[in-house]
Amino acid sequence: MEALLSQFTFLSDQALQDKNFDPSTIEDLMKLFEIESYKAWAAMELEQEKEVKEAEITLHQAEDYLDSVMESAMDEFRRFEEEMELMAMAELKALEERADKARKMGNLVEKAATIASKKYIEAAVNSATASMKSAWKGLSSKKGLITAKIVPIFKLLLA
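Residues in the sequence shown are numbered consecutively from 1, following the working numbering.
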């Protein structure tokens, strides 16, 4: 381009000094300028395409890296989720076992309380029966007015 500019300066000076100067030489030079401009434009466009391709490659590499990092993070999250689920299941199982043991213990305590209350009632009835029999024997030896009034009461109690 520098050479064309200096050629244009030379031809311009020559055109001013020489009256027989042929203007077609400047037109030829202008065509050379046009060709040189197209070459520079094509080179610049080629360079731009090259930079675009490099940017696309870099973008794809960044996307691949991002995909890799995201997949790794998702794998780690899945492992964490599985671990937390296993821990939750273990805790749930332990709680269910405790609840089952507490239920069984409650059933045993209920049975023991039932047995104890039956034994208590049986002992109370036996004691009352023994007391009544003893009183009956004492009264049966004394017949009379007291026996006639107390016997029906004891018979009601023993029934």
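Virtual Cβ for every residue (Gly too), placed ideally from N, Cα, C.
Keep in mind the model is a prediction, meaning the values are calculated, not measured.
Original post:
Do you know how far the Cα of residue 119 is from the Cα of residue 130?
Top reply: 16 Å
Original post:
Once you ignore the five residues that flank residue 15 on each side, which residues in its own chain have a CB closer than 6 Å to its CB?
Top reply: 21
**OP:** May I ask you to report which of helix, strand or coil DSSP gives residue 20?
**Re:** coil
**OP:** Report yes or no: do three or more beta-carbon pairs, one from the region 40 to 48 and one from the region 22 to 32, lie closer than 8 Å?
**Re:** Contact annotation: the region 40 to 48 does not touch the region 22 to 32, with fewer than three C-beta pairs closer than 8 Å.
Subject >> Through-space distance from residue 54 to residue 19, alpha-carbon basis >> reply: 55 Å
**OP:** Rounded to whole angstroms, what's the CA-CA distance from residue 28 to residue 56? Just pull it up for me.
**Re:** 42 Å
**OP:** My understanding is that residue 26 touches residue 11, with C-beta atoms under 8 Å, so please give their C-beta distance in whole angstroms.
**Re:** 6 Å
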